[in-house]
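Asker: This note's numbering runs 120 ahead of the 1-based position in the sequence shown.
Glycine included, every Cβ here is placed at the ideal spot set by N, Cα and C.
For clarity, every value in this text was computed on a predicted model and none was experimentally measured.
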Amino acid sequence: MKYLIGVDIGGTNIKLALIDKAAHLKGKRTFYTTSFKGKPALIDGIVNQIEGLISGSGLKKRDIIGVGIGVPGAVDIRTGTVHYLTNIPDWREVPLGNILKKRLGIPVFIDNDVNVMALGEVYFGSGLGAINMLCITLGTGAGGGLILDGKLYRGSSYAAGEFGHVPINIDGPKCKCGSWACVEAYAGNSYIVKDVIRRIRKGQKTLITKLVEGDLSKITPEIISEAYRKGDKFAKKVWIDVGEKIGIGLAGVVNLLNVEKIVIGGGVAEAGKILFDSIKRTINMRAMKLPAKTVKVVKAKLGYDAGLIGAATLVLYELGRWNVSKNYEK
Numbered sequence: 121m122k123y124l125i126g127v128d129i130g131g132t133n134i135k136l137a138l139i140d141k142a143a144h145l146k147g148k149r150t151f152y153t154t155s156f157k158g159k160p161a162l163i164d165g166i167v168n169q170i171e172g173l174i175s176g177s178g179l180k181k182r183d184i185i186g187v188g189i190g191v192p193g194a195v196d197i198r199t200g201t202v203h204y205l206t207n208i209p210d211w212r213e214v215p216l217g218n219i220l221k222k223r224l225g226i227p228v229f230i231d232n233d234v235n236v237m238a239l240g241e242v243y244f245g246s247g248l249g250a251i252n253m254l255c256i257t258l259g260t261g262a263g264g265g266l267i268l269d270g271k272l273y274r275g276s277s278y279a280a281g282e283f284g285h286v287p288i289n290i291d292g293p294k295c296k297c298g299s300w301a302c303v304e305a306y307a308g309n310s311y312i313v314k315d316v317i318r319r320i321r322k323g324q325k326t327l328i329t330k331l332v333e334g335d336l337s338k339i340t341p342e343i344i345s346e347a348y349r350k351g352d353k354f355a356k357k358v359w360i361d362v363g364e365k366i367g368i369g370l371a372g373v374v375n376l377l378n379v380e381k382i383v384i385g386g387g388v389a390e391a392g393k394i395l396f397d398s399i400k401r402t403i404n405m406r407a408m409k410l411p412a413k414t415v416k417v418v419k420a421k422l423g424y425d426a427g428l429i430g431a432a433t434l435v436l437y438e439l440g441r442w443n444v445s446k447n448y449e450k
């Protein structure tokens, strides 16, 4: 039996998993990104962990179809060059794909983490069978991956899908991308929390203050959701407002691309029904009637393993082993 290896490189952790072609995890490892100082040490660590995962599972390299890697940044998919990794010193224009391929002797494919999440969701998750789909993740940022006409759409410089940096107002909060009034500047974790703290300090009465025992630094999206579930009206309005901002951005996507499905994952999506209802209501109000009527907005299915399963799916996609529209192995 042949297996895949998925690698999810995050700012805090790097996760690896041995995965079969039905997306079942057969083995998993996690280590801290910052436990390796500099890029040579990190590359050595990734190689050692992959080789250890294979040998520890009683397998040989010939049993591995390929290694897929998702990274939180821009990638040149032709060369496997990762342009930057913000948490790794001196990481600039590193041809990680070619380096790992030579050292491992296994096919290696690399792409942006939300692109691979989109592949995972369209093959094995909530986007199953969709031909035109947008997958977004709402957490620290708001990334996106596009499936158009059954193919992963990367754009002319492999930078497509940046939903979080779609501007939704003329004026608004500054975004870390250098622009302002982007979706991410309203719906990213840090913005949501900062805005809640600002309003509390201005006198807003809310159960959130009690839940954190007056220590506003302890406020998180999870705390806001807990307050909402306990009936706090302010927390409810927070999620409605966030949903409206996301919905405005998505209305533009719906009009432009006429996608049949929008899959939403990430920590902010855990706010649940209140957020999704607000997003759907805003799309229905702001998008044109026909594309708004046909699009479905659903929660991502793969959860915390989305990055790993998506990275493994990237291997199948790049090797031409799967057909998105029919979801069968060639």
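Please work out which residues of its chain come closer than 8 Å, Cβ to Cβ, to V362, disregarding the five sequence neighbours upstream and downstream, and give them in chain order.
Answerer: Y306, A307, I312, V388, A391, L395 and S398
Asker: Is it right to say L376 is buried, meaning 16 or more other beta carbons lie within 10 angstroms of its own, or is it exposed?
Answerer: exposed
Asker: At which residues does the alpha helix (DSSP H) containing N235 begin and terminate?
Answerer: D233 to F244
Asker: Please check the pair V417 and I360, which I expect to be a contact at CB under 8 Å, by giving their CB distance rounded to whole angstroms.
Answerer: Wrong, their Cβ atoms sit about 15 Å apart, outside the cutoff.
Asker: Can you name, in chain order, every residue of its own chain whose Cβ lies under 7 Å from the Cβ of D425, other than the five neighbours on each side?
Answerer: L145
Asker: Among residues of its own chain, excluding the 5 on either side of G225, which ones have a beta-carbon nearer than 7 Å to its beta-carbon?
Answerer: Cβ neighbours of G225 beyond the five flanking positions: K181.
Asker: Take M237 as the anchor and find which of G298, M121, L266 and S276 has the nearest alpha-carbon.
Answerer: L266
Asker: Given a cut-off of 7 Å on the beta-carbon distance, is the pair D231 and I197 in contact?
Answerer: yes
Asker: State the DSSP-derived secondary structure class of N133, mapped to helix, strand or coil.
Answerer: strand
Asker: Taking 8 Å as the cut-off, does the stretch 286-298 touch the stretch 427-434 (at least 3 CB pairs, one atom from each stretch)?
Answerer: no
Asker: Can you tell me whether L422 is buried or exposed, with buried defined as 16 or more other CB within 10 angstroms of its CB?
Answerer: buried
Asker: From the DSSP output, read off the bridge partner residues of A262.
Answerer: L258
Asker: Short of 8 Å in beta carbon distance, which residues of its chain neighbour G259, apart from the five on each side in sequence? Order them along the chain.
Answerer: G308, N309, G386, G387 and V388
Asker: Given a threshold of 16 other Cβ atoms within 10 Å of its Cβ, counted over all protein chains shown, does Y448 qualify as buried or as exposed?
Answerer: At Y448, the pLDDT of 40 sits below 50, so the modelled position is not reliable; the number obtained from the coordinates is stated separately. Exposed is the call here.
Asker: Is it right to say N235 is buried, meaning 16 or more other beta carbons lie within 10 angstroms of its own, or is it exposed?
Answerer: buried
Asker: Got a sec, what are the start and stop residues for the alpha helix (DSSP H) G188 sits in?
Answerer: No alpha helix (DSSP H) holds G188; the beta strand (DSSP E) holding it covers I184 to V191.
Asker: Between the stretch 151-167 and the stretch 204-216, are three or more C-beta pairs nearer than 8 Å?
Answerer: yes
Asker: If you draw a straight line from the alpha carbon of G200 to that of G217, how long is it in whole angstroms?
Answerer: The alpha-carbon atoms of G200 and G217 are separated by roughly 4 Å.
Asker: Would L439 be called buried (16 or more neighbouring beta carbons within 10 Å of its own) or exposed?
Answerer: exposed
Asker: If you compare alpha carbons, which of L370, K393 and I170 is closest to T402?
Answerer: Of the listed residues, the one whose Cα sits closest to T402 is L370.
Asker: Would the beta-carbon of A355 fall within 7 Å of that of I344?
Answerer: yes
Asker: When you compare only the Cα positions, how much space is there between A280 and Y273?
Answerer: 7 Å
Asker: With a threshold of 16 other CB atoms inside 10 Å of the CB of L410, please say whether the residue is buried or exposed.
Answerer: exposed
Asker: Of the residues I320, K271 and G190, which one's Cα is nearest the Cα of I90?
Answerer: The chain is shown only over 121 to 450; residue 90 falls outside these bounds and no answer can be derived.
Asker: Which residue marks the beginning of the alpha helix (DSSP H) containing K413, and which one marks its end?
Answerer: K409 to T414
Asker: Please return the same chain residues whose Cβ sits closer than 7 Å to the Cβ of K240, not counting the five positions on each side in sequence.
Answerer: The sequence shown places Gly at residue 240, not Lys. Excluding residues within five positions, the ones whose Cβ falls inside 7 Å are L422, A426, I429, G430 and T433.
Asker: How long is the line joining the alpha carbons of K357 and V379, rounded to whole angstroms?
Answerer: 28 Å
Asker: Name the one or two DSSP bridge partners that Y123 has.
Answerer: I184
Asker: Helix, strand or coil for D164 per DSSP?
Answerer: D164 falls in the helix class under three-state DSSP.
Asker: Around the C-beta of K365, are 16 or more other C-beta atoms found within 10 angstroms, so that it is buried, or is it exposed?
Answerer: buried
Asker: For R198, does the three-state DSSP call read helix, strand or coil?
Answerer: coil
Asker: With C-beta atoms as the reference, is V435 less than 7 Å away from G186?
Answerer: yes
Asker: For R149 and L179, which I take to be in contact (beta-carbon distance under 8 Å), what is that distance rounded to the nearest angstrom?
Answerer: The beta-carbon distance between R149 and L179, rounded to whole angstroms, is 14 Å. This is too long to meet the 8 Å contact definition.
Asker: Name the one or two DSSP bridge partners that T150 has.
Answerer: K135
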